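*Asks:* What follows is a single structure, and I will ask about it in a moment.
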Amino acid sequence: MTLLSVNIDHVATLRQARGVSYPSPSEAARLAEGAGASGITVHLRGDRRHIQDADVEELREVVRGKLNLEMAATEEMLELAIRWRPDQVTLVPERPEEVTTEGGLDLVAAGDSIPEAVGRLTDAGISVSLFLDPEAAQIERLADLSHDLANGFEINTDHYTRPGADSESELERIVEAAALGAESGLRVYAGHGLTTDNVRRVAEIPVIEELNIGHAIVSRAVLVGMEAAVREMLAAIG
Ligand code: PXP
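Start counting the sequence shown at 3; every next residue gets the next number (the working numbering).
This is the structure:
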């Protein structure tokens with residue numbers, strides 16, 4: 003069974019649009035987990051455009067399954083994560099002007115900065131996943147860095163989900179990246195741009211343990227409620 007971590011960033015986006023105290027990300031997390039999500043993901047951005055520090059502190063208390071904190075490997079974020087100790091950190095690249103995460107980390111170009119950040123997080127007892135494009139060079143680099151450095155990686159499914167994409171060849175890239183990661187003993191996750199319409203074929207890849215889905219679920223939740231939106235996504239996952 004493929005697990006679903008619900009990214010609730012855009013519950014906070016709605017709240018920040020008015021600078022009020024609702025809707026509450028914690029309430030959204032409780033409803034999502036109640037409807038069958040295996041965990042909750044939030045991306046604490048350097049510019050705090052949606053999720054705030056206090057949200058993460060509250061979610062640490064409220065989330066019953068896995069709390070996955072997405073963040074850039076900056077000194078500020080590393081210090082916060084080590085203080086909060088979420089169950090998992092997913093390291094992502096972050097560009098202040100971007101609308102959403104634009105691609106995976108470049109482990110080949112990053113030198114020692116990512117391994118150092120991963121080491122600090124794992125020393126604090128936090129599982130670490132890295133957001134990577136489905137490229138063999140990235141996954142091989144992660145496998146070379148040592149098995150106990152990062153616990154797994156999240157395959158960026160963005161290209162596969164884009165309208166007009168050659169979805170068969172993009173899916174093949176995801177399948178190959180997932181197989182390579184699993185052969186290297188890494189846990190494999192996937193996400194970005196997934197919807198009830200495109201999720202099934204990614205969910206069918208057996209070594210992908212968990213999907214990380216946000217925008218589509220929160221958008222649907224605005225119309226039908228968080229529990230119904232999560233149940234619809236779980237049904238689409240199969
Ligand atoms: N995975 C990562 C690393 C992301 O940055 C995001 C977006 O915050 C997601 C998954 C979820 O993407 P979406 O909101 O398109 O479902």
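Here a beta-carbon is modelled for each residue, glycine too, at the ideal position from N, C-alpha and C. Bear in mind the structure is a predicted one, so any value in this text is a computation, not a measurement.
1) Give the straight-line distance between the Cα atoms of R66 and E59, rounded to the nearest whole angstrom.
2) Going by DSSP in three states, Y24 sits in which element: helix, strand or coil?
3) Please report the Cβ distance between P5 and S40, rounded to the nearest whole angstrom; I am assuming they are in contact, meaning their Cβ atoms lie under 8 Å.
4) Put L61 into one of helix, strand or coil per three-state DSSP.
5) V64: beta carbon under 7 Å from a heavy atom of ligand 1?
6) What number of angstroms, rounded off, separates the C-alpha of V130 from the C-alpha of V190?
7) Reducing DSSP to helix, strand and coil, say where Q54 ends up.
8) Taking 8 Å as the cut-off, decide whether the C-beta atoms of I141 and L134 are in contact.
9) Using 8 Å as the threshold, is the C-beta distance between H217 and T103 below it?
10) Is it right to say V13 is buried, meaning 16 or more other beta carbons lie within 10 angstroms of its own, or is it exposed?
11) If we count the other Cβ atoms within 10 Å of its Cβ and call it buried at 16 or more, is P208 buried or exposed?
*Replies:* Reading off the structure:
1) Roughly 14 Å separates the two Cα atoms.
2) The answer is coil: DSSP assigns Y24 none of H, G, I, E or B.
3) The question names Pro, but residue 5 in the sequence shown is Leu. That pair is a contact at about 4 Å.
4) Assigned with DSSP and collapsed to three states, L61 falls in helix.
5) Every heavy atom of ligand 1 is 7 Å or more from the Cβ of V64, so no.
6) If you take the alpha carbons of V130 and V190, they lie about 12 Å apart.
7) Of the three classes helix, strand and coil, the one that applies to Q54 here is coil, per DSSP.
8) Yes, the pair counts as a contact, with Cβ atoms nearer than the cut-off.
9) No, these two residues do not count as a Cβ contact at 8 Å.
10) Buried.
11) The C-beta of P208 has fewer than 16 other C-beta atoms within 10 Å across all chains shown, which makes the residue exposed.
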